[in-house]
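The structure appears right after this line, and notes come after that.
Number of protein chains: 2
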Amino acid sequence: MYGRYTQELGVYAKEEAARLRESGQRKSISATRNLDLLEYNKGRCAKCRICTVRCQKFLISRVGEDWIFLILLGLVMALVSWAVDFCIAICLQAQKWMYGGLDSNVFLQYLAWVTYPVVLITFSAGFTQILAPQAVGSGIPEMKTILRGVVLKEYLTFKTFVAKVIGLTCALGSGMPLGKEGPFVHIASLCAALLGKFMSLFGGIYENESRNIEMLAAACAVGVGCCFAAPIGGVLFSIEVTSTFFAVRNYWRGFFAATFSAFIFRVLAVWNKDEETITALFKTRFRLDFPFDLQELPAFAVIGIASGFGGALFVYFNRLIVQFIRKQKAINRFLMKKRLLYPALVTLLISTLTFPPGFGQFMAGKLTQKEALVTLLDNRTWAKQGIAEEFDYIGNSQAWKHPHVNVFVTLVLFIVMKFWMSALAITIPVPSGAFMPVFVIGAAFGRLVGESMAAWFPDGIHMDGTIYSIVPGGYAVVGAAALSGAVTHTVSTAVIVFELTGQISHILPVMIAVILANAVAQSLQPSLYDSIIRIKKLPYLPELGWGHHEKYNIRVEDIMVRDVRYITLNCCYRDLHNVLLTGHLKTLALVETAESMILLGSIERAQLQSLLSQQLGRPRRMEYIKEQATADKKRLSVISNPCSEDSSHRASQEVRFQISTEESSFSPTRPASQKPLKPALKRVSVVERPTELPTSPHDNSGMALKNLFCASPDAEGLEVRERRIAEWEEKQLDEQVNFNNCKIDPAPFQLVERTSLHKTHTIFSLLGLDHAYVTSIGRLIGVVSLKELRKAIEGSVTVKGVKVRPPLASFRDSGTSSSETEATELHKLWDRHKSISLPQDHMPSESDEKSQ
Amino acid sequence: MYGRYTQELGVYAKEEAARLRESGQRKSISATRNLDLLEYNKGRCAKCRICTVRCQKFLISRVGEDWIFLILLGLVMALVSWAVDFCIAICLQAQKWMYGGLDSNVFLQYLAWVTYPVVLITFSAGFTQILAPQAVGSGIPEMKTILRGVVLKEYLTFKTFVAKVIGLTCALGSGMPLGKEGPFVHIASLCAALLGKFMSLFGGIYENESRNIEMLAAACAVGVGCCFAAPIGGVLFSIEVTSTFFAVRNYWRGFFAATFSAFIFRVLAVWNKDEETITALFKTRFRLDFPFDLQELPAFAVIGIASGFGGALFVYFNRLIVQFIRKQKAINRFLMKKRLLYPALVTLLISTLTFPPGFGQFMAGKLTQKEALVTLLDNRTWAKQGIAEEFDYIGNSQAWKHPHVNVFVTLVLFIVMKFWMSALAITIPVPSGAFMPVFVIGAAFGRLVGESMAAWFPDGIHMDGTIYSIVPGGYAVVGAAALSGAVTHTVSTAVIVFELTGQISHILPVMIAVILANAVAQSLQPSLYDSIIRIKKLPYLPELGWGHHEKYNIRVEDIMVRDVRYITLNCCYRDLHNVLLTGHLKTLALVETAESMILLGSIERAQLQSLLSQQLGRPRRMEYIKEQATADKKRLSVISNPCSEDSSHRASQEVRFQISTEESSFSPTRPASQKPLKPALKRVSVVERPTELPTSPHDNSGMALKNLFCASPDAEGLEVRERRIAEWEEKQLDEQVNFNNCKIDPAPFQLVERTSLHKTHTIFSLLGLDHAYVTSIGRLIGVVSLKELRKAIEGSVTVKGVKVRPPLASFRDSGTSSSETEATELHKLWDRHKSISLPQDHMPSESDEKSQ
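For the record, the sequence lines run as chains A and B. So the first sequence is numbered by our numbering: it starts at 1442 and just counts up by one. So the second sequence is numbered by our numbering: it starts at 1442 and just counts up by one.
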C-alpha cells in the first residue's frame, strides 16, 4: 500500500528519470544551438530573438507551476459557467417567448409549454446516454469516492466533459427543477483532469497522483465557487461533501482558484452589461441597523428543525422513488426497452402541473427557478402590504398573487409540489444536481414562516418605541440555508447563502437554523450524496456519527476476521492455488512461515493468478508437450495420424480441466464429481486466454465420448499423454513459488488487536484504506476490511437503502439481466481499477499489467 | 505507534471494563432498590419520585453526550470572553478617567498615563510567572503542537487557566497593542480540557484521547469564535492555524460550539443594553448597491501585495527583536536577574510614545485599539469631507485630525509606530496575541490607501453618469484582512472580517487582497505562529510549500538514515547495553535476527533501560551478594569486622561503576581510562535510584584510597568480591533478554524506499508521526525521522530563525546556564511525554511507568 513498488518499478523510475534528464539536456543543447545560430545569422534583430527564446523557455518552465494551473482552471470554469448560464437563459427565454406568442390558444400554449422541456430533456438523456453514461447525475458522490482514493477513470475523460456540459445545459434549459451545483463539481474536476493531462504535454512536472488528487480537491471548490460566485462557500461546501480528512494546504489552492473563478464569472456579467459592478448573484437589500429581533430567534429555530425533517424526508422520498420504479418489474422492463420514455414521461408530468394557465397559477408556475428565488428573497412583506405595491420586478412577484387565492396557499402549494417534483426530477438520467431546487424550496418555506410572522406581528416584536417590522426575506434566507444544509448535511450552506445574497446580517439565525437542521437530518437519514453513493454501491465508509460514543469502546479484535487467507514465503504453487480457490479478497497476506506467521507484505490476487498461470501456462505446457512428443516419437515410432497434433493439443487443454477427475476421465456420467481444483484452474486460464476455452462440462463429456467412440489406437496414447501431462501438472504444482517477479507491497497497513474502532476509522479514512492486517509483534492474527468496519459502525443503526440497486440501473446497463449478483460494466471496471492508497504515486506500468 | 499495547495492557483494559460493568450493575441495582423502596414507602408521591429518579438517571447518562459538552464549553467561553471584555473596558475607562481628571498638570497626566499600564503589565508578567509560566504568549503555537499529537500536559491545567485569564485581562487592560485572539484559543482549550476532566467525574464516557483531541480542535474554534463573535471565521481560522489535516467530522463540532458561544456572547451584550439587537462587533454601514468599482480592484491588489510584504516584515522584525535581546549578553544577564524589568521598560517606552499631549497627538495615541478600529472602518471620507462634519462618535474620529498635520501624515505615523510597537509588545512575557494589533495596523494601511484614492478621484472612478464616491472604509476592511492574513498565513481572516463588520459586500476585493498577501508573505517568511514554534523549538514539521513541485521527485531512500540502531529478538543484555550507549533515538527497532532483519516492532528507550536495570538492578545484586556472603562465611569463617557488611555493600555499589576498569580499580590516578560502558550503566542507575548515587570519579578514588590505606585484611576479600561481582555482571550481561514484560509497539509505521517525499510528508502530518521505519519485504533497511524530513523539505530554503533560542528564555528558565545544548525544564518534560500517535488511545498505566 505504502509502496507497491518492486525492483522492477525502481528500475523503471530510474530509466524514466534518465530519459527526462537526457531530453532536458537535448532541449538545452538545441536551445543553445538555436541561440548560437541566431547570433551568427542576424546582427540587429538577434538580441530581441534571444530574449524571446529565453522568455519562451522561462514561460514553459513556469507552465507547470501550481498557480498557473489554478488560474487556468479558474478561468476555464468561469467561462464554462458563464456560457452555460447564458445558454440556459436563452433556452428559458425561448420557452417564454413561445408560450407568450401563443396566448390566443390555450391548447397550443400548453403544447408549446410541454413539448419544449420534453424535447430538451429527452435530447439531454439520449445524448449523455450515447456519449458518456458516466455524466448522468450530480457527480458529487463520484468525486467523493475518487477523492477517497478509488480510481474511477472513466469519470474524468473528455467525452464525459462534453456530455456533461451539453447535457446539463439542455436539462437546465428545460426549466425542470434541477440544479447545476453538483454537475459543476464534476465538470470542474473533469476540467482539472484534462488540463493536467494537457499541461503534462509541456513536460513541466512529473505527473504525480497525489498532486492530481490535490488539484481535484481544488477543482471541486472551483466548481461550487464559479457556480454561485461564492468562493468561500464553494471551498467549504466542497470540503464538506467530498472529504473526510482535509489537507489544510489544499485549502489555499481551493481559495485561490475559486476566488479567481468567481471573480471572472462576475466580471463577465459586468462586461455583458448585466450588472453595473461586481455584486452578489441574488443581492438582497435588508436593513443593516436592526436585521432581526432577539425574540424572532425561536421562529428561526423552528425553521431549522422543520427543515431538518424536511431534508431527511427529501432524501428518503428520493430513494423511495428509485426503489419503487425498480420494484415494479413490468414497468421496469418496459421502460428499459424505451430508455428515453422515463425522462419524457416525468418531464411531461412536471411541466403539465406547472402550466401557468392550469394548476401552475396556484404555485407561481411561470417563474423560473432563478426568478422564484429572487422574488422569495425580496425584502418587502407580501401578506401585509400586498403584492400590488410598486416593485422593481413587479411582473415576477405578481406570479405569487392569485386573485382568488391567499398568498399563503400559493406558498404551501409551491412547497409541496416542488418538493416531490424535485425529488422525482433528480431521478431523471440527465446531468443534474439537487442543490438549487432544494434551496428554492427552503427559501419558500422560510418565506412562508416569515409571512406568517409578519401577519402575526404587524408592527414587529420589539417593545422599546421604535417599530422594526419583520422582514420575511430574512426568513427566506434562513430557510434556504437550512433546507439545503439538511439535505446535503453541510454547514457551509450558510456561507453560500451569505455570498449569494451579499449580506451577512442574518448570520446568527442562519447558523442556528443550519446547525439545528443538520442535527435533525443527520440523525434521521444519510446525506443525499451518501444516499446516492449507497444506491450506486460506490465503495464508502460511513461517518462516525455525532455523539456515538459507544463506538469508542469497540476494539479491532472485536470486529476483525481471524481466519485470514495467507501464503507463505516457501509455499508451493498448490498452496497458492488452494488459497486462490477459497478466498475472494483482492489482496493476500504474505507471511514468513505458517508457524511464525510473521507478516512480510501483501500481494494482489491478480499477481498470484499470473504467477500461477505462468507456471502452468501455455508456453511451458507446449514446451513440455513438444519434449514429450519427440520422446514419444523416438520411443514408439508409430505413424502419426492426421489429427494427432491437433488432438494432443486439444487434449492437453482438456486435461487441464481433468487433472482432478483423473480416475474418472472416461466416465462422462459423473460430471458432478469434479473436485474444487477445477474451477480455480479454469479461472486462471480465463485470465490468460478467454477465447480458447470450451464450456467445460459439455465439452468435457464430448471429448470423453469422442475418446470412447473414435480412434481406439490413439486412445491408449492419449490416455498415456493425459496421465503424463497430469503428472507434469502435479509436479509443477508442487514446485516452490518464485516470488522474484511478483509485485509485493512490503508495508501493508497494520493494526493491533487493541486499536479502537474510532482510531481504526480515522486511519481508514485518513489513508483511504480498503483493508488492514492485524498483527501482534509481527505475527499476523487477523484482517479488517472496509466491510467489517462498516458493519461495526452501522451496527444496529443499519441505514435503509443499503441494499437497493443502482438508481435506474435498468436505464443505464446495456445488459438485460437483473440478478442481484450481476455487476454492471462500470462496477467491474471500478473493481479492477480500485486502488487503496490515498496519496498514491503514479505508476504507469501498473495499469498496463493490470489490464492484462 | 498504532498500538503500544502489550498483553499487560490488554489485561488492564479488561479489568477496567469489568470494573465499569460491575459499578454499572451496582448502580442499577441500587437504583432499582431505591425505586422499590419508594414504591413501598409512599403511595401518592411515589410516582413523581420514580419519575424524578428516572429523569435524573437519564440526565446523567446524557451528560456525556458531545453536544452537551459543546454547549457547556460555548457557554463558559462566552461568559469568560464577555467578562474579560468587561474588565478590560473598565480598566481602559479607569485609565482615561485618571488621565482626564489630571488635565491641569501635564506631568501628573504623563505619570498617570504611564504608571497605569506599567503596573498592570508588570503585575500580569509577575502573576503568570509565579502561577504558570506556560500561560505566557499566544497559545496558538502550543495548540498546534498539541493537536499534532505532542502531549504538553502542563499546558492544560487549572493553574494555567487562571494565570492566562487574569494575566490576559491585565495585559489588555493596560492599553498596550496586544490581542486577545491567540490567548483565547488557549483558554478555550484549557476550558475544554478541564471540562472534560470534570465531565468524566460523572462517568458518562470512557475518556478517550482521540475524543479529547477532537474536543480540543472544537475548542480552538470556540476560542476564536467567542473572541470576535465570528463563528464561521473562528472555525476556519482555528483550522488553518492549528491543523495540517482536518477531520471534517470535527467541523460540525466546531461550528456548533462556536455558534453557540458567539450567540451567547452577543446576547450578553444585548442584555447589558450595549446593543439593541444581535449585530456585528464592528458594524459597518457601507452602501450595498455599488460597494466598489471594478476599476478600484488594482488598488485592492496593491493593498494585498503591500500587506504581504508588511506581514513578512512583521514576523521578521518580531524575531529580530527576540534575537537582539538574546545576543546582548550583558543586557540579557541584567534582565534575567530582574525579570519584571523588561516588561516594565517596554511598557514605559510604548506608553510614553503614545502619550496624547506628547508624540501621541500625531498618531491618534489616545484611542484604544477598539476605538481606533471603529474609526478606521467608518464609511465617510476623511480627506475630502474633513473630520469636522457631524459624526456619531465625533470625539474619537477627532483624534485622527491634528490642527497642523495632514491626516495622511497621522495615518503614516500611526502605521509605522504601531508596527514596531506591536512587534515589540508581543515579546513581553504576558499572555497576549498579535492578531488584533496587526488587524488594526492593516486597517490603518487600508484607510491610508483608501483616503489617497478618494483624494485622487474625488468623484469616484465610474464613468456612466452616476457618481459613486470611493469608500475608504472598504479599503480599511481589505487592509485589515490582508495584513492579518499575511502575518498568520491564513485566508480565513477574510471571513473574520465579514463577520466582524457584518457586511460581505467587499468579498471579492478582500479575497483577492488576502490571497495576494498570503502568496507574498508565504514565500518570504513563516507565519508568526510557525516562527514562534521555531523560536520555542517546539517539535514541528514544515509545510510543503505552494508549488514546490521539485519535492515530488525526492524518495525516502534519498533521505533515510541507513545505519539503524536495532536489537534482535535473541540478543543478550550486552547488546542492549551497547545499543543504548550509541544511539539517542527515543525508540529502537526490534528485528528478528541480524541476518533476516525482519522488523517485528519497536521498543521505547525507557523500556530497554528498565529491562537492563532490572537485570543488573539492586534487588538481584543484593540477592547475589547475600548468597556470596553466606558462601564466604562458610568458607572463610573470619571474624566479621564492624564495617564489613557496610563496606561490602558500598563496594558492591562501587563495583557497578568499575566493572570496566577492572584491571585498574586500584589505580586512582587513571580516572580517564574509563571505558564507555560506564556512563551507560550509570545512566541506568540514575533512572533507578538517583538519590543513592555518589558522584562517581571522586568517590571512586576515595574508595580506592580507602582500600589502599585502611583495612588490609579486608582488601583481598574485597578484591575477590569485586572480581566476583564483576564476573556476575558479565554473566548477567551475557544472558538473553527476556522481552515478555516489555511493552513492544508491534506495528510501527513503515515506509518503503520508493515512497515519495510528498507522500511521506502527508503520512507524517496525517498521523502525527515522529519517525517511520523503511522496510523492504519485511526487512528493516532504514529509518526516517522528523529531522530528516524537515531537512529534506527545507533543503536549500533553510528558513532563518531555526537556530534561535526560546524567546526570552532567560526570563523563563530558572537555571542560569545559557549553553546551546541545555534544555529548559519544559523541554525535558515535553521530550519525556512526547508521544507520536495522533489518535492515541488513553493508557493510564503508561504515564505512570514513564514517570519512574
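Backbone N, C-alpha and C define an ideal beta-carbon position, used for all residues, glycine too. Quick caveat, the model's predicted, so the values are computed rather than measured.
Legend entry - Validate contact between the stretch 1944 to 1963 of chain A and the stretch 1658 to 1667 of chain A using beta carbons, cut 8 Å, 3 pairs: no
Inset, instruction - Evaluate contact between the stretch 2158 to 2172 of chain A and the stretch 1544 to 1562 of chain A, counting only Cβ atoms and requiring at least three cross-stretch pairs below 8 Å. - result: no
Inset, instruction - Excluding the 5 residues preceding and the 5 following phenylalanine 1880/A in the sequence, name in chain order all residues of the same chain whose CB lies nearer than 6 Å to its CB. - result: Counting from 1 along the first sequence, the entry for residue 1880/A is found at position 439. For phenylalanine 1880/A, where only same-chain residues beyond five positions count, the Cβ hits under 6 Å are Ala1921, Ser1925.
Legend entry - Extent of the continuous alpha helix (DSSP H) to which histidine 1627/A belongs: In the first sequence, the residue the question calls residue 1627/A occupies position 186. Its alpha helix (DSSP H) spans residues 1622 to 1641.
Inset, instruction - Let me know if cysteine 2012/A comes out buried or exposed under the rule of 16 or more other beta-carbons within 10 Å of its beta-carbon. - result: Here the question's residue 2012/A lines up with position 571 in the first sequence. Buried is the call here.
Inset, instruction - Measure the beta-carbon distance from phenylalanine 1696/B to valine 1932/A and round it to whole angstroms, keeping in mind my assumption that it falls under 8 Å. - result: Counting from one through the second sequence, the residue named residue 1696/B turns up at place 255. Counting from one through the first sequence, the residue named residue 1932/A turns up at place 491. Their Cβ separation, rounded to whole angstroms, is 5 Å, which keeps phenylalanine 1696/B and valine 1932/A in contact under 8 Å.
Inset, instruction - Could you spell out the range, first to last residue, of the alpha helix (DSSP H) harbouring alanine 1612/B? - result: As a position in the second sequence, residue 1612/B is number 171, starting the count at 1. Judged by DSSP secondary structure, alanine 1612/B falls within the alpha helix (DSSP H) whose first and last residues are 1599 to 1614.
Inset, instruction - Could you pull out every residue in the same chain whose Cβ sits closer than 7 Å to the Cβ of isoleucine 1680/B, ignoring the five residues on either side in sequence? - result: Within the second sequence, numbered from 1, the residue matching residue 1680/B stands at position 239. Hits under 7 Å: Phe1687.
Legend entry - Under 7 Å by beta carbon: chain A residues contacting glutamine 1944/B: Here residue 1944/B refers to the residue found at position 503 of the second sequence. Correct list: Ile1945.
Inset, instruction - Please name the residue or residues paired with leucine 2029/A in a DSSP beta bridge. - result: Translated into the one-based positions of the first sequence, residue 2029/A becomes position 588. The partner list for leucine 2029/A (beta bridge, DSSP) reads Ile2044/A.
Legend entry - Inter-residue spacing [alpha-carbon to alpha-carbon] between leucine 2207/B and leucine 2207/A: Along the second sequence, read from residue 1 onward, the residue named residue 2207/B stands at position 766. Along the first sequence, read from residue 1 onward, the residue named residue 2207/A stands at position 766. When rounded, the distance between both Cα atoms is 7 Å.
Inset, instruction - Give the DSSP-derived three-state secondary structure of serine 2217/A in the structure shown. - result: As a position in the first sequence, residue 2217/A is number 776, starting the count at 1. In this structure, serine 2217/A counts as strand in the three-state DSSP scheme.
Inset, instruction - Select from the stretch 2034 to 2068 of chain B all residues with a C-beta closer than 9 Å to any C-beta belonging to chain A, and list them in chain order. - result: Ser2037, Ile2039, Leu2040, Leu2041, Gly2042
Legend entry - Selected residue, minimal CA-CA separation from isoleucine 1856/B, among His1947/B, Gly1806/B, Ala1604/B, Ser1873/B: Here residue 1856/B corresponds to residue number 415 of the second sequence, with the count starting at 1. It is Gly1806/B.
Inset, instruction - Would you check if the distance between the CB atom of alanine 1895/A and the CB atom of threonine 1822/A is smaller than 7 Å? - result: For the purposes of this step, residue 1895/A is taken as the residue at position 454 of the first sequence. For the purposes of this step, residue 1822/A is taken as the residue at position 381 of the first sequence. Yes, these two residues count as a Cβ contact at 7 Å.
Inset, instruction - Verify the CB distance criterion: does isoleucine 1995/B have a CB-CB separation below 7 Å to chain A? - result: Along the second sequence, one-based indexing puts residue 1995/B at 554. Output row for isoleucine 1995/B: interface = no.
Inset, instruction - Using a Cβ-Cβ cut-off of 7 Å, state whether leucine 1642/B counts as contacting chain A. - result: Residue numbering aside, residue 1642/B sits at position 201 when the second sequence is read from its first letter. Not an interface residue.
Inset, instruction - Step through the CB atoms of chain B and report whether any lies within less than 7 Å of the CB of methionine 1894/A. - result: What you label residue 1894/A is simply residue 453 of the first sequence in a count that begins at 1. So no, methionine 1894/A is outside the interface.
Inset, instruction - Tell me, please, whether the stretch 1583 to 1599 of chain B touches the stretch 1559 to 1566 of chain B by the rule of three or more beta-carbon pairs shorter than 8 Å. - result: No, because fewer than three Cβ pairs between the stretch 1583 to 1599 of chain B and the stretch 1559 to 1566 of chain B fall closer than 8 Å, the two stretches do not touch.
Inset, instruction - Can you tell me which of the three DSSP states phenylalanine 1939/A falls into? - result: Stepping through the first sequence from its first residue, residue 1939/A is reached at position 498. In this structure, phenylalanine 1939/A counts as helix in the three-state DSSP scheme.
Inset, instruction - Have a look at the DSSP bridge pairing and note the partners of serine 2226/A. - result: Locating residue 2226/A in the first sequence gives position 785, counting from the first residue. Its beta-bridge partners are His2212/A.
Legend entry - Exposure of threonine 2071/B, with buried meaning 16 or more beta-carbon neighbours within 10 Å: Here residue 2071/B refers to the residue found at position 630 of the second sequence. It is exposed - the Cβ of threonine 2071/B has fewer than 16 other Cβ atoms within 10 Å.
Inset, instruction - Please confirm whether proline 1872/B and glycine 1608/B have their CB atoms less than 7 Å apart. - result: Against the second sequence, residue 1872/B aligns to sequence position 431. Against the second sequence, residue 1608/B aligns to sequence position 167. Their beta carbons are under 7 Å apart, which means proline 1872/B touches glycine 1608/B by this criterion.
Inset, instruction - Please confirm whether valine 1756/A and serine 1972/A have their CB atoms less than 7 Å apart. - result: Working through the first sequence from its first residue, we reach residue 1756/A at position 315. Working through the first sequence from its first residue, we reach residue 1972/A at position 531. Contact flag set, yes.
Inset, instruction - Count the other CB atoms, across all protein chains shown, that sit within 10 Å of the CB of cysteine 1532/A; report buried if there are 16 or more and exposed otherwise. - result: By one-based count along the first sequence, residue 1532/A stands at place 91. Buried is the call here.
Inset, instruction - Kindly indicate if chain B contains any beta-carbon less than 7 Å away from that of valine 1525/A. - result: Looking up residue 1525/A in the first sequence gives position 84. No, its Cβ sits nowhere closer than 7 Å to a Cβ of chain B.
Legend entry - Beta-carbon proximity list for isoleucine 1587/A, same chain, < 6 Å, skipping 5 on both sides: Here residue 1587/A refers to the residue found at position 146 of the first sequence. Correct list, in chain order: Leu1593.
Inset, instruction - Indicate whether proline 2189/A and serine 2043/A have their beta-carbon atoms separated by less than 7 Å. - result: By 1-based counting over the first sequence, the position of residue 2189/A is 748. By 1-based counting over the first sequence, the position of residue 2043/A is 602. Taking 7 Å as the cut-off, the beta carbon of proline 2189/A is found closer than this to the beta carbon of serine 2043/A.
Legend entry - Option nearest glutamine 1802/A by Cα separation, candidates Thr1907/A, Met1858/A, Ala1753/A, Asn1773/A: For the purposes of this step, residue 1802/A is taken as the residue at position 361 of the first sequence. For the set Thr1907/A, Met1858/A, Ala1753/A, Asn1773/A, the Cα lying nearest the Cα of glutamine 1802/A is the one of Met1858/A.
Inset, instruction - Could you confirm whether any beta carbon from chain A is found closer than 7 Å to the beta carbon of alanine 1660/B? - result: For this step, residue 1660/B is matched to residue 219 along the second sequence. No, no contact with chain A.
Legend entry - chain A contacts made by the stretch 1570 to 1594 of chain B, where a contact means CB separation under 9 Å: none
Inset, instruction - From the DSSP output, in three-state form, read off arginine 2165/B for me. - result: Translated into positions along the second sequence, residue 2165/B becomes position 724. Of the three classes helix, strand and coil, the one that applies to arginine 2165/B here is helix, per DSSP.
Inset, instruction - Can you say whether glutamate 1892/A is buried or exposed, counting buried as having 16 or more other CB atoms within 10 angstroms of its CB? - result: What you label residue 1892/A is simply residue 451 of the first sequence in a count that begins at 1. Buried is the call here.
Legend entry - Any chain A beta carbon closer than 7 Å to leucine 1735/B: As a working mapping, residue 1735/B is identified with position 294 in the second sequence. At a cut-off of 7 Å between C-beta atoms, leucine 1735/B counts as an interface residue with respect to chain A.
Inset, instruction - For proline 1672/B, decide whether its Cβ has a neighbour in chain A, counting only Cβ atoms nearer than 7 Å. - result: As a working mapping, residue 1672/B is identified with position 231 in the second sequence. Yes, its Cβ sits closer than 7 Å to a Cβ of chain A.
Inset, instruction - Evaluate valine 1850/B with the Cβ neighbour count: other Cβ atoms within 10 Å of its Cβ, from every protein chain shown; 16 or more gives buried, anything less gives exposed. - result: Position 409 of the second sequence, counted from the first residue, corresponds to residue 1850/B. That one is exposed.
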